[in-house]
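Q: Could you have a look at this structure, given as structure tokens, before my questions?
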Amino acid sequence: MKKIKIIYSSITGNTKKVAESVFDFLDVSYRKDKNTKDDKESQLPDKIAGKDKGVHTLSYGEKLRLPHTAKLELFDIKNFTGALYGADKENSRTFCDFFSDDDIIIICFWCRRSGMDDLSLSLIESLSNKKILAIGTLSGDAKGQYGYRVKENAKNAISHNNQCIGVHLCQGHSNLKRIESRRHLNPGEPKYISPEKWLRHLNMQHHPDAHDIKEVLRFVQCTLLHYFK
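In my numbering, the protein residues as written are 2 to 230.
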């Protein structure tokens, strides 16, 4: 049985929101296919479609159809930490057997030091010959030079032992409580946050917004069409 396993690592809630939106979207696609409806638009919940903010619903170029035999699952990566770090030796074999070669794994990670967070990296390194699609969140310009570097690093990390079928970055927001003290450092210190940069962090607090989520869903739709035509 083909399975789509969505696994997220989240600190601020950014990647959890993204992962749950992807799950809802794919779940709707699966249920629509089972009910053999042929609508031109996805039946996204209002909280994702952003109808209250004037955002258009997501239109399909091609219809995404998940096979009737597909199974969709969502997990918090914290469920695997014991097996990842060797603390749970009893379940280490179960962890390896948890992923089959037929699975498509969607990893939702947060950006750390120009790449994936440590838990997501540990998960990637524990797998081999798997089809992996990655979606990252970062508190910055996802389409700028730094975002490009994060995507390349994530792609290289996945491709070392697995098949990377795509990487997408989504803008998120920072935990202001974690970085507020950096405003009071001396301007010459590496972690100093200037008034201008602090203002940018303030303006990011509504991300990921409906537009960000819809870009993620378009990416997932286009990528999975290759496997589920």
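In this text, a Cβ means the ideal position worked out from N, Cα and C, and glycines have one as well.
(1) Which class does Ala-135 belong to by DSSP, given the choice of helix, strand or coil?
(2) Applying the criterion that 16 or more other CB atoms from any shown protein chain within 10 Å of the CB defines a buried residue, is Ser-121 buried or exposed?
(3) Out of Glu-74, Ser-115, Val-151, point me to the one whose CA is closest to Phe-100's CA.
(4) Got a sec? Which residues, its chain only, sit under 6 Å from Ile-5 by beta carbon, not counting five neighbours each side?
(5) If you compare alpha carbons, which of Phe-81, Thr-16, Ile-12 is closest to Phe-214?
(6) Taking the beta strand (DSSP E) that Gly-167 falls in, what are its first and last residues?
(7) Can you name, in chain order, every residue of its own chain whose Cβ lies under 7 Å from the Cβ of Lys-152, other than the five neighbours on each side?
(8) Between Ile-166 and Val-217, is the Cβ-Cβ spacing less than 7 Å?
(9) Go ahead and pull the three-state DSSP assignment for Lys-4.
(10) With a Cβ-Cβ cutoff of 7 Å, do Ser-115 and Arg-150 count as a contact?
(11) In the DSSP output, which residue or residues are listed as bridge partners for Cys-223?
(12) Buried or exposed for Lys-18, going by 16 or more other Cβ atoms inside 10 Å?
(13) Is it right to say Gly-189 is buried, meaning 16 or more other beta carbons lie within 10 angstroms of its own, or is it exposed?
(14) Tell me the residue span of the beta strand (DSSP E) that contains Arg-113.
A: Once the coordinates are examined:
(1) Within the sequence shown, the letter at position 134 stands for residue 135. The answer is strand: DSSP assigns Ala-135 an E or B state.
(2) Position 120 of the sequence shown holds residue 121. It counts as buried.
(3) Within the sequence shown, residue 100 is the residue found at index 99, counting from 1. Taking only the C-alpha atoms, the option nearest Phe-100 is Glu-74.
(4) The sequence position of residue 5 within the sequence shown is 4, counting from 1. Here Ile-5 has Leu-73, Ile-105 as same chain residues with Cβ atoms under 6 Å from its own Cβ, once five neighbours each way along the sequence are excluded.
(5) As a first step, residue 214 must be located in the sequence shown, where it is residue number 213. Note on identity: in this sequence residue 214 is Ile, with Phe being the wrong assignment. Residue Thr-16 is the option with its Cα nearest to Ile-214.
(6) Taking the first residue of the sequence shown as position 1, residue 167 is located at position 166. Judged by DSSP secondary structure, Gly-167 falls within the beta strand (DSSP E) whose first and last residues are 164-172.
(7) Along the sequence shown, read from residue 1 onward, the residue named residue 152 stands at position 151. Correct list, in chain order: Val-168, Leu-170.
(8) Translated into positions along the sequence shown, residue 166 becomes position 165. Translated into positions along the sequence shown, residue 217 becomes position 216. Result no, Cβ atoms of Ile-166 and Val-217 do not sit closer than 7 Å.
(9) Position 3 of the sequence shown, counting from 1, holds the residue named residue 4. Strand.
(10) Your numbering for residue 115 matches position 114 in the sequence shown. Your numbering for residue 150 matches position 149 in the sequence shown. Taking 7 Å as the Cβ cut-off, Ser-115 and Arg-150 qualify as a contacting pair.
(11) Counting from one through the sequence shown, the residue named residue 223 turns up at place 222. Cys-223 is not bridged to any residue.
(12) Position 17 of the sequence shown, counted from the first residue, corresponds to residue 18. By the neighbour-count criterion, in which a residue is buried when 16 or more other Cβ atoms sit within 10 angstroms of its Cβ, Lys-18 is buried.
(13) On the sequence shown, position 188 is the one that residue 189 refers to. In this structure Gly-189 is exposed. Its beta-carbon is surrounded by fewer than 16 other beta-carbon atoms within 10 angstroms.
(14) Position 112 of the sequence shown, counted from the first residue, corresponds to residue 113. It spans 105-113 - the beta strand (DSSP E) in which Arg-113 sits, taken as one unbroken run.
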